[in-house]
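Scroll down for the structure; my scribbles are underneath it.
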Amino acid sequence: MDSNSAISQSSLPPQINQYRGPYKLEQILAVAGIHPFYSDSRSSAPGYEEVAKALKATPGSPTTLQSLPIIKKERLAEITRKMSRNTTEGRSFRSGAIIGITGGGSGKGDPMPFFTDAQETRAIRAFAGHLLVQCGIAGDGDLAIVLNTTGNLYSMDPDRLVRTCQQLQPNVLAGAPMFGGTRGPLFYGAIYGSAEAGPWAVANHTFTGHHAEFVDLIYDERAMIVEIVPAASETADQGRGNQLVDTVPHGTAGIIVLTSLQKLRHPLVRYYTGDIGSLHDATPEIRASVGDGAGNLRILRFYGRDRAESFKWQANFYEIRAVEEVMNTANWGVFDWQIVLYINKDTGEHTMEVKVIREEQSAAILTQSQLRSELSAFFNVYPKVDHLFHLRSVGLRDMVRSETAGKIIRLVDHTK
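Residue numbers for the sequence shown follow this note's numbering, so the first one is 786 and each next one is one higher.
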């Protein structure tokens, strides 16, 4: 085996010396072939010995990336929950793993867990840190402090943030995204990642410029394979698709599909992100600034979530399908509904209005106040953002409808 292999030939139990990564694609696919994420015949995750055996059999494997179906988070989350609850067969799955939680389950209440090997997590973060330095976003001598003013998991009032910065004197602030008007004279960079993939791309607007419709993310193709598939096609049905979908031409926008070359024990292969983007070569400015190693850098032009499937409010993503499902709750009495997103002209805050057409009030139907409580729980409306969430019962004439068929448009986004 070559020096890039994750499996040491030493006798150190459990037959793994250390994870180095990134790995070769054939190694990732070899382990994916024996992992319950991608193999219906598996009921448990492979142990270290099985991983080692699979890697030894890697050379000459006929499996190609495009021969595998695209996979959605529903399947990964379902298997992850099942494996994590099974303390017998799931021991290999849970052993030495770190759980990443994403997005609150797209409004379904339960968080979406993803397991990554602990040593792989360290390597992924180190690789991302190197990319930050390589692309001129951070470096030796910088002192970074993470600031967050939104979210009920961890938060800090603005005046306390200011006092903390005065005490520590950081020169790098990290936290929630800053929008155009709040950046001022600051140099602005960004890191892109997820619980599923970890951090893997960065943005340096000195190289790429500021754009209203998209952001150019720089990534290293040795760590991540990015495919772009047609946005109009349903590439994965209920978690796992049966169709083999071709990628779109270079530079064409579509849905971003990821294969991590840094996650071996619990592979992430052809993962359907729901985000829209397009692939481009690194610019001359990037190549000139980065120098050695620039040949492995590529640009992902990131447009955000597929608006046909989901939307974002207060740092959380929600799937239209999940909203549709919960709106069909029998005792809610909702005939039809529409979500309107807009920016408050006075405060600049992102606001959500939920319009509903309801059946007549009865003992079997929730009151308007009760319905608001249910929707507040669904949309994670905590006290600090309660004033930004509105529920309104309306008639058909108050709904925004399509000009052609006259159908109610589920999502009306005035924030763009």
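Note that beta-carbon positions come from the ideal geometry of N, C-alpha and C, so glycine has one too.
Given a cut-off of 7 angstroms on the beta-carbon distance, is the pair residue i and residue j in contact?
i	j	result
Gly-1062	Arg-1086	yes
Lys-857	Tyr-1057	yes
Val-987	Leu-917	yes
Leu-1082	Ile-1010	no
Phe-1120	Ile-1142	yes
Ala-980	Ile-1071	no
Arg-1055	Leu-853	yes
Thr-993	Ile-1013	no
Trp-1122	Met-1137	no
His-1135	Ile-1128	yes
Ala-975	Val-957	no
Ile-922	Asn-989	yes
Leu-840	Ala-815	yes
In this structure, does DSSP put residue i in helix, strand or coil?
i	result
Gln-952	helix
Gln-1123	strand
Ser-828	coil
Val-1185	coil
Asn-1113	coil
Gly-921	coil
Asn-1081	helix
Thr-991	helix
Pro-984	strand
Asp-944	helix
Phe-878	helix
Leu-1064	strand
Leu-1096	The amino acid at residue 1096 is misidentified as Leu; the sequence shows Phe. Three-state result, Phe-1096: strand.
Val-1030	coil
Ser-1178	strand
Gly-1191	coil
Ala-913	helix
Ala-959	strand
Leu-1049	coil
Glu-905	helix
Arg-1086	strand
Asp-1131	coil
Give a yes or no on whether the minimum CB-CB distance between residue i and chain B is below 7 angstroms.
i	result
Asp-944	In the structure shown, chain B does not exist; there is a single protein chain.
Ends of the alpha helix (DSSP H) at residue i?
i	result
Lys-838	833-841
Val-1042	Here Val-1042 belongs to no alpha helix (DSSP H); instead the beta strand (DSSP E) covers 1039-1045.
Pro-898	First-last for Pro-898: 897-902, but that is the beta strand (DSSP E), not the alpha helix (DSSP H).
Glu-863	858-870
Val-816	810-817
Tell me the residue span of the beta strand (DSSP E) that contains residue i.
i	result
Leu-928	It is not in any beta strand (DSSP E) - Leu-928 carries neither H nor E in the DSSP assignment.
Thr-1136	1135-1143
Ser-1161	That residue, Ser-1161, is in no beta strand (DSSP E); its alpha helix (DSSP H) goes 1153-1163.
Ala-975	974-979
Glu-1006	Note, Glu-1006: premise wrong, no beta strand (DSSP E); not H, not E.
Check whether the Cβ of residue i sits closer than 6 angstroms to any heavy atom of the ligand ATP, and report yes or no.
i	result
Ala-1115	The ligand ATP is not part of the structure shown, which contains no ligands of any sort.
Just confirm the distance between the C-beta atoms of residue i and residue j, as a whole number of angstroms; I'd bet it's less than 8 angstroms.
i	j	result
Gln-1099	Val-1170	5 angstroms
Pro-1052	Phe-912	No, Pro-1052 and Phe-912 are not in contact; Cβ-Cβ is about 17 angstroms, not under 8 angstroms.
Leu-1151	Gly-1118	7 angstroms
Gly-960	Val-931	6 angstroms
Leu-1176	Arg-1157	5 angstroms
Gly-1078	Gln-919	6 angstroms
Legend entry - Inter-stretch contact (C-beta, 8 angstroms, three-pair minimum) for the region 1040-1051 and the region 806-822: Yes, since at least three Cβ pairs between the region 1040-1051 and the region 806-822 fall closer than 8 angstroms, the two stretches touch.
Inset, instruction - Count the CB pairs spanning the region 1005-1017 and the region 946-955 that are closer than 8 angstroms, and state whether there are at least three. - result: Under the Cβ criterion (8 angstroms, minimum of three pairs), the region 1005-1017 does not count as touching the region 946-955.
Inset, instruction - Assess, as a yes-or-no matter, whether the region 857-871 is touched by the region 1063-1072 under the definition of 3 or more beta carbon pairs within less than 8 angstroms. - result: At 8 angstroms Cβ cutoff, the stretches do not touch.
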